[in-house]
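Structure record follows, encoded as structure tokens.
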Amino acid sequence: MFRKFYPAEMADSSYDIDYEALYKKGYRGLIYDIDNTLVEHGADANEQVIELFKRLNAMGFRICLLSNNKAPRVRRFYKGVSIKGVKLHYIFDAHKPVTKNYRKAMLLMRTTKKNTLFIGDQLFTDVYGANLAGIRSVLVKPINKREEIQIVLKRKLEKVVLHFYKRDRLKKLKQSNVILIGFMGCGKSTVGKKLAEKLGFEFLDTDALIEEKIGCSISEIFATKGEEYFRDLESMVLKGLLKSAKRYVIATGGGMPVRPENQKYMRKLGIVLYLSATPETIIRHLQGDTTRPLLQTPDKEETIRKRLVERRFIYQMVAHRVVKVDGRTADEIVENIEESV
Ligand code: S3P
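Mapping of the sequence shown onto our numbering: residues 15 to 355, in sequence order.
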């Protein structure tokens, strides 16, 4: 009944979305609601939004503001960013959820339903309209919590819809396996264990499984048999799981998605989530670690940065969803997964 109001995804904020991954997946146009999505209700453009839009422009995204607010408010906001050199379009008095102006936004950006994404904080206007227009949508949490009375009432109804949305998402998540990918030290095992517990799934770590099968540590396998041998073991384990795993959360070794055959198997096995972390987070997590053979180099930090650049693109492409982990506790990440998958 409420499905027509469901967003495709949820994010904590417009500033917390992996736009790079979206661009790689083929998205080119971004439609934004303004109030409570980009800034507090009625506020002018600030450094944060200018910096984000500049980054999006540089990546090659086209941007359009789509607001139900009146011309002076929208123009003021638009001017605040365009004066800083940001290229974007705007539409005021949009009457969301009416679809006409979603289509106009795509015309202005010269994008299509397939490569456009809508980002907004309200279900019954923003998300519903995007759904009607056939555009994928991301629901973000409103920036300020104190809102006008008519919005407060709407939020109560939104809560009901979101309750069913989350329940349905959880059901979907429980129908398959969950595969966690990402760089060494991003928290796949920690998050994986908690997620498995929450879902009532088994937890499995492919590195641990290999160590158990072979009877020695990953470092020893690398040292005695070499990396290729280890990679063959990884592919073998993955193929085995494809036959047997049901209702598992699987934490994978950071290099597993590199082989093209593994990429295919992983996506077949279940929902693939990329736990994305900045090099700084990874460096912090791996301080003092000696168990990763690939990081036993004179300059560990440099190795992490270099390898992450090489691999990030692969992780983004293989994953069904990107989950940002920086600055979040494992419990917060699990909550975010439940909401957004
Ligand atoms: C590797 C990551 C490690 C382990 C091996 C190689 C990699 O797993 O499989 O040391 O190539 O990134 P974690 O990601 O669990 O550390």
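All residues carry an ideal CB built from backbone N, CA and C; glycine is no exception.
What residues in its chain sit with their C-beta under 6 Å from that of residue i, if we drop five residues either side in the sequence?
i, result
"F217", "G206, K207, A210, V263"
"Y288", "I195, G196, Y329, A333, V336"
"L300", "G199"
So the beta strand (DSSP E) residue i belongs to, where does it begin and stop?
i, result
"L153", "150–154"
"R335", "335–338"
What did DSSP end up calling residue i once you bin it into helix, strand or coil?
i, result
"N191", "strand"
"G206", "helix"
"A25", "strand"
"V355", "coil"
"N158", "coil"
"G310", "It is worth fixing the name first, because residue 310 is Gln in this sequence and not Gly. If DSSP states are grouped into helix, strand and coil, Q310 belongs with coil."
"K39", "coil"
"D58", "coil"
"F16", "coil"
"A344", "helix"
"P271", "helix"
"T139", "helix"
"T305", "coil"
"T238", "helix"
Can you find the residues in the same chain that come closer than 7 Å, C-beta to C-beta, to residue i, ignoring five residues on each side of it along the sequence?
i, result
"K118", "I105"
"S233", "T305, P307"
"G148", "K127"
"L52", "S28, Y46, V63"
"A35", "Q330, V336"
Return the bridge partner residues of residue i from the DSSP annotation.
i, result
"C78", "I45, H103"
"I133", "Y46, V152"
"A265", "L194, D219"
"V53", "D49"
For the alpha helix (DSSP H) containing residue i, name the first residue and the last one.
i, result
"Y92", "85–96"
"L66", "61–73"
"V323", "314–332"
"S290", "Element bounds for S290: not the alpha helix (DSSP H) but the beta strand (DSSP E), 284–290."
"E248", "241–258"
"E294", "293–299"
"R117", "114–123"
"Y142", "142–147"
Given residue i, which residues of its chain have a CB within under 8 Å of its CB, disregarding the five upstream and five downstream residues?
i, result
"N276", "E248, S249, L252, M270"
"R42", "G74, F75, R76, M123, T125, N129, T130"
"F16", "V174, V175, F178, Y179"
"D58", "R90, F91, G94"
"T317", "L308, L309, T311"
"R281", "V332, H334"
Under 7 Å, do residue i and residue j count as touching if we go by C-beta distance?
i, j, result
"C78", "I45", "yes"
"I133", "S28", "yes"
"V154", "D135", "yes"
"V152", "E23", "yes"
"S96", "V88", "no"
"V10", "V286", "Past the edges of the chain, shown from 15 to 355, lies residue 10, and the structure says nothing about it."
"V175", "F327", "no"
"L66", "P111", "no"
"N71", "K101", "yes"
"C230", "A291", "no"
"F197", "L322", "yes"
"N191", "L283", "yes"
"V355", "R169", "no"
"D221", "G254", "no"
"R160", "F215", "no"
"A265", "K212", "no"
Taking 7 Å as the CB-CB limit, is residue i close to chain C?
i, result
"R150", "The question asks about chain C, but that chain is absent: this structure has only one protein chain."
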